[in-house]
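Residue numbers (the numbering used here): 2 to 231.
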């Protein structure tokens, strides 16, 4: 099985991207290709890495266009399955092997649990939001070829939906195709106030709060600016 991992990046430091790539390179699954997709600010150093480096102009949609573009490139290059990994996140070594063991033509949407980390590098705990039932984070997928077309949901949507692109994708993937790996094999650096609150902590002032207005349009602010909404 040929698996492609798609990482969109914007202005993340090179050291962070190195950690992300190292976790892909360390996967115990045999054939894994890493596509790193620059969203307007490419690191020239990445050209020398053992990755496919795709460079786009800045798209301004929270990485959704880079994710979908990377998925299209991976499909054209013959990938059997695709996964996504944000630049500030990383995999456990057996992540893709565990998910690939559950991937079949009948179950081409494999999800997994994630472990949350604070931005200072300290652990926050296992996440109960991305549960594979009500919601699944974009980093926590392995999608078989049968599901590739659904990635197009990340494109051509209302601009405000970029704030919840992961939920847009989750809603369109057929429920009967989904299967779950319960182990938290994705490490996710969180910027969201909700995650701190779910673990009984006061969120950092600059942590993000996302909410919909009366017209159903999505907005983002900080915990300090909108404490009553957090």
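C-beta atoms are modelled at their ideal positions from N, C-alpha and C, and glycine is treated no differently.
Beta carbon of residue i, beta carbon of residue j: below 8 Å?
i: residue 194; j: residue 174; result: no
i: residue 55; j: residue 36; result: yes
i: residue 115; j: residue 131; result: yes
i: residue 199; j: residue 129; result: yes
i: residue 82; j: residue 143; result: yes
i: residue 21; j: residue 8; result: yes
i: residue 141; j: residue 113; result: yes
i: residue 197; j: residue 206; result: no
i: residue 125; j: residue 191; result: yes
i: residue 168; j: residue 136; result: yes
Does the CB of residue i have a neighbour CB from chain B at under 8 Å?
i: residue 27; result: Absent here is chain B; the protein component of the structure consists of one chain.
With a cut-off of 8 Å on the beta carbons, I'd call residue i and residue j a contact; round off their distance for me.
i: residue 109; j: residue 145; result: 3 Å
i: residue 187; j: residue 92; result: 6 Å
i: residue 34; j: residue 3; result: 7 Å
i: residue 104; j: residue 111; result: 5 Å
i: residue 63; j: residue 164; result: 7 Å
i: residue 84; j: residue 6; result: 5 Å
i: residue 57; j: residue 32; result: About 25 Å separates the two Cβ atoms, so there is no contact after all.
i: residue 166; j: residue 65; result: 4 Å
i: residue 153; j: residue 69; result: 6 Å
Could you check the C-alpha separation between residue i and residue j for me, to the nearest Å?
i: residue 230; j: residue 210; result: Below a pLDDT of 50, predicted positions are generally treated as unreliable, and residue 230, at 46, falls in that range; the measurement from the model is reported next regardless. Computed Cα separation, rounded: 7 Å.
i: residue 49; j: residue 150; result: 31 Å
i: residue 139; j: residue 208; result: 20 Å
i: residue 41; j: residue 52; result: 18 Å
i: residue 123; j: residue 23; result: 19 Å
i: residue 221; j: residue 46; result: 33 Å
i: residue 127; j: residue 183; result: 11 Å
i: residue 178; j: residue 15; result: 37 Å
i: residue 27; j: residue 77; result: 24 Å
i: residue 201; j: residue 97; result: 31 Å
i: residue 217; j: residue 59; result: 26 Å
i: residue 1; j: residue 161; result: Given that the chain is displayed from residue 2 to residue 231, the structure contains no residue 1 and the question cannot be resolved.
i: residue 44; j: residue 10; result: 10 Å
What are the partner residues of residue i, as DSSP defines its beta bridges?
i: residue 34; result: 5
i: residue 182; result: 113
i: residue 53; result: 36
i: residue 143; result: 111
i: residue 175; result: According to DSSP, residue 175 bridges with nothing at all.
i: residue 210; result: 222
i: residue 126; result: 117
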